[in-house]
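Under the working numbering, residues 395 to 585 are what the sequence shown spells out, in order. Reviewing the structure listed below.
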Amino acid sequence: MIGYFNENVSKYDSWYDKHEREYHEQLEFIRERLPSGKGVEIGVGTGRFASQLGIPVGVDASEKMLSLAASRGIFPIMAYADRLPFISGYFDFSIFIVTICFLDDPVASLKEAGRISKEVISVILEAGTEYTNRLQQEKKGFYAYAKFYSEADMVRMYTMAGLKLIRNEYSDLYTGGMRYRIRYVAGINQR
Numbered sequence: 395m396i397g398y399f400n401e402n403v404s405k406y407d408s409w410y411d412k413h414e415r416e417y418h419e420q421l422e423f424i425r426e427r428l429p430s431g432k433g434v435e436i437g438v439g440t441g442r443f444a445s446q447l448g449i450p451v452g453v454d455a456s457e458k459m460l461s462l463a464a465s466r467g468i469f470p471i472m473a474y475a476d477r478l479p480f481i482s483g484y485f486d487f488s489i490f491i492v493t494i495c496f497l498d499d500p501v502a503s504l505k506e507a508g509r510i511s512k513e514v515i516s517v518i519l520e521a522g523t524e525y526t527n528r529l530q531q532e533k534k535g536f537y538a539y540a541k542f543y544s545e546a547d548m549v550r551m552y553t554m555a556g557l558k559l560i561r562n563e564y565s566d567l568y569t570g571g572m573r574y575r576i577r578y579v580a581g582i583n584q585r
C-alpha cells in the first residue's frame with residue numbers, strides 16, 4: 395500500500411484541487427471542533443489538512459507524501475501509526491484525518507496515539523453511506539486499500555484502546571451528488 399501512495403502523490407494531492415468545495419467543508423467541520431494546543435497529524439499525507447489547521451507536526455509512512463507535506467511547512471516524521479517516535483504525553487492532541495481506514499491495526503494505532511497525546515481524534519468517512527459503499531464496491535485507486543468503519547466500530551475501537559469518548563459528532567456532506575458522512579470522534583486516555 396505504501397508503494398501505491400508513493401507512486402501516486404500528485405494524483406492524491408490533486409483531489410483537493412478538483413474537489414475544493416468538499417475539502418473546505420471538511421476543513422471547517424474539523425476546525426470548529428479542533429482543540430487548542432500542540433498537535434500532531436498521524437497519516438498527514440501531503441499536509442493539506444495539517445497546514446490549514448495549524449498542526450505543525452505530521453507523521454506518515456510515505457516518504458514522498460511527507461516531502462510534499464514538508465513543502466507546506468509541516469515538520470515531517472516518517473513512522474508507522476502503531477510505533478510513534480515520541481515520548482509519552484508529548485502532544486496535547488493527535489488527529490487521524492481519513493487515516494483509520496488505511497491502517498492494518500487501528501486499535502494499536504489509537505492506543506499509541508493515546509500514549510503520546512492527551513486527546514486522540516479520528517475523523518472518518520463513515521461506512522454505510524452511498525459514497526463509501528460505492529468506493530468499497532469499486533475497489534480502485536487509494537480506496538482499494540481502505541476499510542470503512544461505522545460509528546459503533548469507532549466506539550468499540552476507542553474502548554479497546556483504553557480511550558474514554560468525550561466527543562462523537564458528524565455531518566452529512568455531498569460529493570458528486572452522493573451523500574457521505576464525516577464523523578469526528580475524540581477520546582482521552584483512561585490510564
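Glycine included, each C-beta is placed from N, C-alpha and C at the ideal position. If you're wondering where the values come from, they're calculated on a predicted model, not measured in any experiment.
message: Does the beta-carbon of M459, which I'm using as the reference point, lie nearer than 6 Å to any heavy atom of the ligand HEM?
response: Absence of the ligand HEM is noted for the structure shown, with no ligands found whatsoever.
message: Please give the ranges of any alpha helix (DSSP H) in the segment 513 to 584, keeping only runs that are unbroken, at least 4 residues long and fully inside the region.
response: 524 to 532, 545 to 554
message: According to DSSP, F487 sits in a beta bridge with which residue or residues?
response: Against the sequence shown, residue 487 aligns to sequence position 93. Bridge partners of F487: G433, E513.
task: Could you work out which residue in I471, E422, G433 is closest to G483 when comparing CA atoms only?
output: Here residue 483 corresponds to residue number 89 of the sequence shown, with the count starting at 1. The residue with the shortest Cα to Cα distance from G483 is G433.
- prompt: Among all the DSSP beta bridges, which residues are the ones paired with D593?
  reply: Within the shown structure, residues of the chain are numbered from 395 to 585, placing residue 593 beyond reach of any answer.
task: Could you tell me how far apart the beta carbons of L504 and Y568 are, in whole angstroms, since I believe they sit closer than 8 Å?
output: For the purposes of this step, residue 504 is taken as the residue at position 110 of the sequence shown. For the purposes of this step, residue 568 is taken as the residue at position 174 of the sequence shown. Going by Cβ atoms, the distance from L504 to Y568 rounds to 29 Å, so no, they are not a contact pair.
At least 3 beta-carbon pairs within less than 8 Å: the segment 523 to 533 vs the segment 546 to 560: no
message: Rounded to the nearest angstrom, what separates I515 and E419 at their Cα positions?
response: The count along the sequence shown starts at 1 and reaches residue 515 at position 121. The count along the sequence shown starts at 1 and reaches residue 419 at position 25. Spanning the two alpha carbons is a distance of roughly 18 Å.
Burial state of R577 (16 or more Cβ within 10 Å): The residue given as residue 577 occupies position 183 in the sequence shown. Per the 10 Å Cβ criterion, buried.
query: Near A464, what residues of its chain come up, given a Cβ to Cβ distance below 6 Å and the 5 sequence neighbours on each side ignored?
result: Start at 1 with the first residue of the sequence shown, and residue 464 comes out as number 70. P470, listed in sequence order.
field: Own chain residues within Cβ distance below 6 Å of N562, not counting five before or after
entry: Residue mapping note: residue 562 aligns to position 168 of the sequence shown, counting from 1. So the list reads V579, once near-sequence residues are dropped.
task: Under 8 Å by Cβ, that's how I've got G452 and A444 pegged, so tell me the actual separation to the nearest angstrom.
output: Counted from its first residue, the sequence shown places residue 452 at position 58. Counted from its first residue, the sequence shown places residue 444 at position 50. 5 Å between Cβ atoms; contact.
query: Who are the near neighbours of G467 in its chain, counting only those whose CB is closer than 7 Å to its CB and skipping five residues on each side?
result: Counting from one through the sequence shown, the residue named residue 467 turns up at place 73. The answer, listed in chain order, is S445.
task: Compare the beta carbon distance of M572 and E524 with 7 Å and say whether it is the shorter of the two.
output: On the sequence shown, residue 572 is found 178 positions in, with the first residue counted as 1. On the sequence shown, residue 524 is found 130 positions in, with the first residue counted as 1. The answer is yes: Cβ separation under 7 Å.
query: Are S586 and I396 touching if we call contact CB-CB under 7 Å?
result: Residue 586 cannot be examined here, being either before or after the span of the chain that is shown, 395 to 585.
query: Of all the CB atoms in chain C, is at least one closer than 7 Å to the CB of Y574?
result: The displayed structure is made up of one protein chain only, and chain C is not part of it.
Whole-angstrom C-beta distance between L497 and V403, which should lie under 8 Å: Your numbering for residue 403 matches position 9 in the sequence shown. Your numbering for residue 497 matches position 103 in the sequence shown. With 8 Å as the limit, V403 and L497 do not qualify as a contact, their Cβ atoms being about 19 Å apart.
- prompt: Considering only the beta carbon of each residue, do D476 and D499 sit closer than 7 Å?
  reply: Counted from its first residue, the sequence shown places residue 476 at position 82. Counted from its first residue, the sequence shown places residue 499 at position 105. A contact, by the Cβ cut-off of 7 Å.
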